[in-house]
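Take a look at the structure set out below.
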Amino acid sequence: MTKKASPTSAVDTRITPISLPDLKDQLRIDHSDQDRMLIGKIKAAVSEIEAYIDGPVIQRSMTLKLSAWEDEIQLLPGPVLAIVSIRYYDTDNVQQTLDAADYELYEENRIDRLVAVSDWPVVYDRKDAIEIVYQAGLAASVTQVPTNVKEAVLLRASTRYSMPEEAGIGTVAWNIENDFNAESLLMPYKLMHC
């Protein structure tokens, strides 16, 4: 049985894949009167895109705490760029660090999975017996963000600027699925849950 992870992220220190000048160029704005609002549009666009693709755009540190091992542990959100550490409380309730040679990370159906090379160590009976810290995101830095993801952020932030009330049809608010261009740019990165 696989376990869907519910990790926590440290304080949001998210770096955006586009800059304020990028958005101002897109909108042909040459003054700074609206800079604060435009930064908010960028951050909102990134949040929407991360919700749509079900993962961070630029790497973020995630921490998953478990009470027991599973045969296979799904690490969501992904993609996982690196496992930082796996620590556990042994049978004497002493925290230990699992050696990297004792586990493997592999991807199947666009979901990263963690498995033991042989057997997981026995853990003490507590809610936070296991702590997995990993880096997740489409890219490790701004320069590595795929161009079509940057373009989707620009499109969404521009739309948020030009449609501040989220004008929609009837009572349905406009969203990424209503924008064929943004959706098609993001589709290769959207996590499809099995």
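The numbering of the sequence shown is our numbering, which starts it at 396 and goes up by one. Note that beta-carbon positions come from the ideal geometry of N, C-alpha and C, so glycine has one too. Everything numeric in this text was worked out from a predicted model, so none of it was measured.
If I measure Cβ to Cβ from residue i and keep anything under 7 Å in the same chain, skipping five residues before and after, which residues do I get?
i: residue 421; result: 549, 553
i: residue 555; result: 436, 439, 440
i: residue 577; result: 547, 550, 551, 571
i: residue 484; result: 490, 518, 519, 521, 524
i: residue 434; result: 415
i: residue 431; result: none
Which residues in the same chain as residue i place their Cβ atom closer than 6 Å to its Cβ, once the five residues preceding and following it in sequence are excluded?
i: residue 411; result: 437, 441
i: residue 460; result: 523, 526
i: residue 588; result: Confidence in residue 588 is poor, its pLDDT being 48 and thus under 50, which makes the residue's placement unreliable; the coordinate value appears in the next sentence. Within the same chain, residue 588 has no close Cβ partners at all.
i: residue 545; result: 412, 413
i: residue 528; result: 458, 479, 480
i: residue 482; result: 490, 492, 526
i: residue 629; result: A question about residue 629 goes unanswered here, because the residues of the chain that appear run from 396 up to 589.
Following the continuous alpha helix (DSSP H) through residue i, name the residue where it begins and the one where it ends.
i: residue 434; result: 430-448
Count the other CB atoms within 10 Å of the CB of residue i; is the residue buried (16 or more) or exposed (fewer)?
i: residue 551; result: buried
i: residue 583; result: exposed
i: residue 531; result: buried
i: residue 507; result: buried
i: residue 454; result: buried
i: residue 416; result: exposed
i: residue 475; result: buried
i: residue 512; result: exposed
Taking residue i as part of the beta strand (DSSP E), name the residues at either end of that continuous run.
i: residue 467; result: 467-470
i: residue 551; result: Note, residue 551: premise wrong, no beta strand (DSSP E); alpha helix (DSSP H) at 542-557.
i: residue 459; result: 455-461
i: residue 421; result: No beta strand (DSSP E) contains residue 421, which is instead part of the alpha helix (DSSP H) from 415-422.
i: residue 493; result: Premise fails: residue 493 is in no beta strand (DSSP E) and is neither H nor E.
i: residue 525; result: 525-531
i: residue 534; result: Note, residue 534: premise wrong, no beta strand (DSSP E); not H, not E.
Tell me which residues share the same chain as residue i and place their Cβ nearer than 8 Å to its Cβ, disregarding the 5 neighbours each side in the sequence.
i: residue 487; result: 519
How about the stretch 506-522 and the stretch 538-549: do they share at least three Cβ pairs that are nearer than 8 Å? no
Every unbroken beta strand (DSSP E) within the stretch 496-520, with a cutoff of 3 residues, ordered by chain: 498-503, 506-511
Taking one C-beta from the stretch 490-501 and one from the stretch 445-454 each time, how about it: are there three or more such pairs within less than 8 Å? no
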